[in-house]
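**Q** Once you've had a glance at the structure underneath, I'll fire off some questions.
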Amino acid sequence: MSTYLEELAVRFVERDGLSTDEHEKIAANAADFVLHPEKHGSPTEPTVLILVKSIHRWVFSGDDDDPSDFAEKNREKHARGLKFLAMTLNALPKDFLQSTQIKMLASFFCSIYQQQDPAGLATATEAVLVLMSMANFPPSSADDIITSVGKMAPENFSKQLAKDRLQILRVVKTLLINPKSARVLQKRYEGSEYLLPVLVLAKRERDPVNLLDWFRMLETLLKHNKISPEVATAAFESFSPFFPISIRRSTATGPDVTEDELKEALRSCFAANGLLAQHTFPFLLEKLDDGGSLTASAKLDILRTTRACVMSYEPVDTCLVPYVTKIWSSLKYEVRNGEVPEAVKETLSIFECLPQRLAGQPDSPDSALVDFLSQAWKDCVEDLENPTYTEQAGSILISVAGGGVLPFCHICPRLLEAARRNIAQPKSEVHTKYLLILLNNLLRTRLRLVSRLEAARDLDSSTEKQVLPGPDFDIPMSIVHDLYFKLFRENTVERPTKEQADIAKEALKGLSLVVQQQKFTEDWKAVAAYDQDTFKEICTALAYRATNCFNVPPTTTQELQDIDKATVEALKTTVKFFPEGYGKILAGVLSEVRKRDWEKSPAERTFNDLHALCQRVAFIGCTDVPVCSTPVINFAAFTGTMLHMLSYLLDERTNLKACAIVADALATGMAYFSRTCEEKSLKTSGSTVAPWDIPNVEREVQKGLSGFPHLVHGAVDKFDPVELVQSAKPTEHDVFTSFLLLGVYTLSELYRHATTTGSGGESDLSWHLRIRGRSNAELDDQESDRFIQAYLEEVGLAATTVLRELSPSAQKDMDLAAQMIWYFHGLGADSLLEKQDIGLLEKEVFALTCGIARGIRPEIVSGMSDVKLRALLVGGFNSPKGFGQSGSTARPRIQAVQDHVAFLLANKYNTRAQAAPEDGDKVPNHDAWIGVLDHIEKIARILSQLFATSKALDPANHTIQKPLYLQWTYHQCVHPILQWAYPLSQQTNPGPSTDSTIYAIYVLHAVKHLSFQHYAPDAASIVRIVLAAMQKAADNYDVEAACTVTLQILHREPTLFRGHISSVVAAAKRVYEKTVLDPSLSRVGSAVEGDWPVGPVAVLDGGDKRFRYEGDREKIRKMSFRILQMLPVQFEETIVRPHADEVRVHLSWALGDRVREVRRVAEVAQGAWAKVST
136 MSTYLEELAV RFVERDGLST DEHEKIAANA ADFVLHPEKH GSPTEPTVLI
186 LVKSIHRWVF SGDDDDPSDF AEKNREKHAR GLKFLAMTLN ALPKDFLQST
236 QIKMLASFFC SIYQQQDPAG LATATEAVLV LMSMANFPPS SADDIITSVG
286 KMAPENFSKQ LAKDRLQILR VVKTLLINPK SARVLQKRYE GSEYLLPVLV
336 LAKRERDPVN LLDWFRMLET LLKHNKISPE VATAAFESFS PFFPISIRRS
386 TATGPDVTED ELKEALRSCF AANGLLAQHT FPFLLEKLDD GGSLTASAKL
436 DILRTTRACV MSYEPVDTCL VPYVTKIWSS LKYEVRNGEV PEAVKETLSI
486 FECLPQRLAG QPDSPDSALV DFLSQAWKDC VEDLENPTYT EQAGSILISV
536 AGGGVLPFCH ICPRLLEAAR RNIAQPKSEV HTKYLLILLN NLLRTRLRLV
586 SRLEAARDLD SSTEKQVLPG PDFDIPMSIV HDLYFKLFRE NTVERPTKEQ
636 ADIAKEALKG LSLVVQQQKF TEDWKAVAAY DQDTFKEICT ALAYRATNCF
686 NVPPTTTQEL QDIDKATVEA LKTTVKFFPE GYGKILAGVL SEVRKRDWEK
736 SPAERTFNDL HALCQRVAFI GCTDVPVCST PVINFAAFTG TMLHMLSYLL
786 DERTNLKACA IVADALATGM AYFSRTCEEK SLKTSGSTVA PWDIPNVERE
836 VQKGLSGFPH LVHGAVDKFD PVELVQSAKP TEHDVFTSFL LLGVYTLSEL
886 YRHATTTGSG GESDLSWHLR IRGRSNAELD DQESDRFIQA YLEEVGLAAT
936 TVLRELSPSA QKDMDLAAQM IWYFHGLGAD SLLEKQDIGL LEKEVFALTC
986 GIARGIRPEI VSGMSDVKLR ALLVGGFNSP KGFGQSGSTA RPRIQAVQDH
1036 VAFLLANKYN TRAQAAPEDG DKVPNHDAWI GVLDHIEKIA RILSQLFATS
1086 KALDPANHTI QKPLYLQWTY HQCVHPILQW AYPLSQQTNP GPSTDSTIYA
1136 IYVLHAVKHL SFQHYAPDAA SIVRIVLAAM QKAADNYDVE AACTVTLQIL
1186 HREPTLFRGH ISSVVAAAKR VYEKTVLDPS LSRVGSAVEG DWPVGPVAVL
1236 DGGDKRFRYE GDREKIRKMS FRILQMLPVQ FEETIVRPHA DEVRVHLSWA
1286 LGDRVREVRR VAEVAQGAWA KVST
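Numbering of the sequence shown is given in the working numbering, commencing with residue 136 and proceeding in unit increments.
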């Protein structure tokens, strides 16, 4: 034996405290000796034999010693010796050892499994795994290894650590997965009997991780190997004791596997092989029948395992058929008397699987299937007559019918006849409802079966092998008339009961299911199961209830409202499969609208009916995609109808309020269809439209929908929604692109129809609203303007819905930036804006601008010219006395819209936005933004919104959502101007001024949105500003901001007010007294007294009030009391005592405030000052 190798072994085994790296280094040196013995002399024996002999003293006993006793006495060194040998083998190349050497080493390591108390078994197992990974591993050794593992004493197996037991199981798994080893074992052991001893060991396993690995391996073995009945029995006995399995959560850290994983793996073992059926079904059903001791979780596990076995066992005739009767007898009561919904659901799924497995040839049912179906029908038919069990029996029969076409054809005629008979003589209204639910579920089941047949047809194009369903597969038309129509009409009465409403709703669901039914032609094409006349009849009946708002009295009960909702839902489904019916509905809507005299101020109910009608047809036609060659046909018919109604109500029988209602419905319909496309994952435009300019968009729309109306060209009267549906051509684009084309065209028509230009050349170009001056004579100007604004806002909202979905290139083709000013009239030259001021626009049209601004993309905004941006951003500021031909000041609502346009453009203006490729990388540097700063005296208060969290930015509108870093923004935008804010500015310029007051206002409204940490270094200066504002501010909005900041500083750093107690008390008193007065008197009085120097923002001549905000007077009064309340809490009594009497008198007077909540806060403050001794 080599002295060098022996020295390495001694160092590895005898030396304590060696690290893993040192062990690996020693093993590498030993491996080098085995590979290159010439470096260490010329050994006379094979190097592998020398390697084994090197650990002889620690592993092999003398002649008189028992091997197990020897191993027990030298346990640690015995294990180290084996580890030295195993690590050395692992360091050798995989192709170095010969098969004879591997076989010898495997026999040596496997002998350790048979020792009574195997020391070093873990190391031996690792060595066996290393040998099995060798390239020359002999497959014949698999038998020796399996036999050795099987001879291991079960108690010794249980003594091993969990990780070591897992390694032993992996030895078995590796051998059985290896094709060569598995082939040898299958040859030697017929029926996989080599597994028998291993199965005995596995019964002793308890570790969740090991069990999961074992269950998965066993499932693979049982499923893919031929096993004998003896092995099947042994396998069942090895895993069945674990059922139902659970994990005990007693340790601090749970196992690496979940209970569901273990359950699924164990379930797979039960279902792995049909030979297990004779054990599995009796075992599971016995546990189920002994329901008293079962938990709900265990019952679910039994049912799911039963289902897995029913679906997996082969052959059916020997492994399933003998047990069908027992399964049925045990499980039917789980539904009939079941209380746990999940258990009932699992049981019904088993009843659906049974006929599916029992079905033989499609054209000749197996006798086992017929027997099962007959037994199921016999046991359930009587329960259909009993309202207590109708629902349960119906569920069972529907599940059985869902097992395939043959079961359905067997159950369907019988079930229809039984339902018809019982509905004719129901025991109660609830009984009728349950029977209708049963019929509806039968129709749903038929839909699923048709889908399966279509899928099978698509997979196998040779229809010769397929058999068409027979006549029993069809639902007779008499069911529609005799049951659904009859019950719907009988129960839709003036004041229905809850039970009648439920029956009517189920009948409506049934009608919607009828229109979805399909049948197959001789060449296996799926077509509608019923003719067009049936669809028309259903559509007409539903439309009378759903879209007859003008003629049907308003619903007065909750039950009628529920019926109406169900009717609308049913009609929505009907027109999805029958678009012509929707066209007919829309034609009826147009007829009803034309019957009304809209010029003579109709009653309020007429407007309510119009609103309900338009919203309903929007929901019915736009919340789903029709099943036809033109998927946007319902949306197109709806949009065309709304344009027709708008033309009629704007140009013929003018009624601005009705126009606003119709425009609202149009915007809603567009939003509905857009959301529907998103929910159905249709927002992927596969088609290309080039270019996306308005002329090309119009051509594309007219190509497929030649009857779509032209609102601008006055061709609306000829529009007929029925003709549009009938003449529609198959679309060339995907659904969403077709929607965008139609939406863009519709919006361009609405925008051009709403606005028009004056004449006289470019120098006096002016815009005005086409609809102004057409209002009802009974409406005053204020009401007329309100309805005009509402109409334009709805049109703008519709524009947002469509335009924001366009790609940047499409928006660029459309010149969307110019359309914010020119409204699709084709006047996009900047030269016109250089000569004209945006003030020439009537302010109401900013609602149209806003609609585009919301949908426009940052790339387009960032590429806008200076003149366009200036016109949109500051055009309104240049005309403080108003603009437009009337010269009047716009209403606050309109001004808010204009401000929102500027707000959106400012948000989307991004100098880092990607320019279009043809524009290069240049992004213009706009001077228009600088113009905003020229008007700071007007926008001091709204600039503070930079620091507030804005909820006005919808990410769907491509707004930039990145928040500001408030600390940085404060130091950049607020800190530099503190020295110029009143009263700090008095240090350089004595006396207040307009500019210093404006800076103070800006500071107040900025800081109120920040936390104290943001401005803590400047808090002393801010204290002086807030005290001045509380004592002198003329605007309640400024006072509110000052009080907010004061409370914040008092809470975080009260010492800053230590030298200002007198000022704080005086300021709090003044704030309360000011807000108790009438707000108008408060503002005027303050301005006249000159308490707070003001600029144009508070002029008294009735000028522009767009930047004036009213503070919350009640909130201000409460904050003044909280400020007083905090003084005795935050400061020593000696500091506040001089002011106690003054404050108490003030609070006593304040207890008479007319607002209860204000009085409550005053009482709390009074209690705080009562503790101050005087």
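Virtual Cβ for every residue (Gly too), placed ideally from N, Cα, C.
Could you have a look at Val1299 and say whether DSSP puts it in helix, strand or coil?
**A** helix
**Q** Give the secondary structure of Gln652 by DSSP, where H, G and I count as helix, E and B as strand, and everything else as coil.
**A** coil
**Q** Going straight from the alpha carbon of Ala1155 to that of Leu1191, what length do you get?
**A** Approximately 6 Å between the Cα atoms of the pair.
**Q** Tell me where the alpha helix (DSSP H) around Ala1177 begins and ends.
**A** Asn1171 to Arg1187
**Q** Beta-carbon within less than 8 Å of Glu365's beta-carbon, same chain only, minus the 5 sequence neighbours each way: which residues are those?
**A** Gly326, Glu328 and Leu331
**Q** Should Val85 go down as buried or exposed, given a rule of 16 or more other Cβ atoms within 10 Å for buried?
**A** Residue 85 falls outside the range modelled here, since the chain spans only 136 to 1309, and no answer is possible.
**Q** Which residue or residues does DSSP assign as beta-bridge partners of Ala663?
**A** Gln653
**Q** For the structure I just gave you, are there three or more beta carbon pairs, one from the segment 925-938 and one from the segment 985-996, closer than 8 Å?
**A** As far as the Cβ criterion goes, the segment 925-938 touches the segment 985-996, which means the pair count is three or higher.
**Q** Using the beta-carbon count (16 or more within 10 Å), is His888 buried or exposed?
**A** Buried.
**Q** Pop quiz: Pro993 and Lys1043 are said to be a contact at Cβ under 8 Å. What is the actual Cβ separation, rounded to whole angstroms?
**A** 4 Å
**Q** Can you tell me whether Leu320 is buried or exposed? The criterion is at least 16 other CB atoms within 10 Å of its CB, across all chains shown.
**A** Buried: at least 16 other Cβ atoms inside 10 Å.
**Q** Is the CB-CB distance between Phe1082 and Leu1007 below 9 Å?
**A** no
**Q** Could you please give me the residues that DSSP links to Thr430 through a beta bridge?
**A** DSSP lists no partner for Thr430.
**Q** Rounded to whole angstroms, what's the CA-CA distance from Asn291 to Phe147? Just pull it up for me.
**A** Distance from the CA of Asn291 to the CA of Phe147, rounded to the nearest whole angstrom, comes to 27 Å.
**Q** Using the three-state DSSP reduction, which class does Thr682 fall into: helix, strand or coil?
**A** coil
**Q** Any chance you could list the alpha helix (DSSP H) runs of at least 4 consecutive residues sitting entirely within the segment 465-503, in chain order?
**A** 476-493
**Q** Taking only the alpha-carbon atoms, compute the straight-line gap between Asp1153 and His1110 and give it to the nearest angstrom.
**A** 8 Å
**Q** Please report how far the alpha carbon of Glu230 lies from the alpha carbon of Thr430, in whole angstroms.
**A** Sequence check: residue 230 is Asp here, not Glu. Answer to the nearest angstrom: the Cα atoms are 56 Å apart.
**Q** Rounding to the nearest angstrom, what Cα-Cα distance links Tyr524 and Thr567 in this structure?
**A** When rounded, the distance between both Cα atoms is 13 Å.
**Q** Can you tell me whether Leu296 is helix, strand or coil according to DSSP?
**A** coil
**Q** Could you tell me the alpha carbon to alpha carbon distance between Ser422 and Ile485, rounded to whole angstroms?
**A** Note that residue 422 corresponds to Lys in the displayed sequence, not to Ser. Using only the alpha carbons, I get a separation of about 17 Å.
**Q** If you compare alpha carbons, which of Leu571, Ile380 and Met446 is closest to Ser432?
**A** Answer by Cα proximity: Ile380.
**Q** Using the beta-carbon count (16 or more within 10 Å), is Lys792 buried or exposed?
**A** buried
**Q** Do Leu578 and Ala554 count as a contact pair if the criterion is CB distance below 9 Å?
**A** no
**Q** Among the residues of its own chain, which have a CB less than 7 Å from the CB of Tyr1105, if the five just before and after it don't count?
**A** Leu1145, His1149 and Tyr1150
**Q** When we look at the beta-carbon of Trp1103 and count the other beta-carbons within 10 Å, is it buried (16 or more) or exposed?
**A** exposed
**Q** Which of the three DSSP states is assigned to Leu1008 in this structure?
**A** helix
**Q** Give me the DSSP bridge partner(s) of Leu904.
**A** Thr890
**Q** To the nearest whole angstrom, what separates the beta carbons of Pro737 and Arg731, a pair I think is in contact under 8 Å?
**A** About 6 Å separates the beta carbons of Pro737 and Arg731, which is inside the 8 Å limit, making them a contact pair.
**Q** Report the three-state DSSP secondary structure of Arg442 (helix, strand or coil).
**A** helix
**Q** When burial is assigned at 16 or more other CB atoms within 10 Å of the CB, is Leu594 buried or exposed?
**A** exposed
**Q** When you compare only the Cα positions, how much space is there between Met1261 and Leu1185?
**A** 7 Å
**Q** Along the alpha helix (DSSP H) that carries Ala400, what are the first and last residues, could you check?
**A** Glu394 to Phe405
**Q** Evaluate the contact criterion for the segment 621-639 versus the segment 544-553: three or more CB pairs, one atom per stretch, below 8 Å.
**A** no
**Q** Any idea if Arg150 is buried or exposed, counting beta-carbon neighbours within 10 angstroms, 16 or more meaning buried?
**A** exposed
**Q** Which of the three DSSP states, helix, strand or coil, is assigned to Ser1146?
**A** Per DSSP, reduced to three states, the secondary structure at Ser1146 is coil, with no helix or strand assignment.
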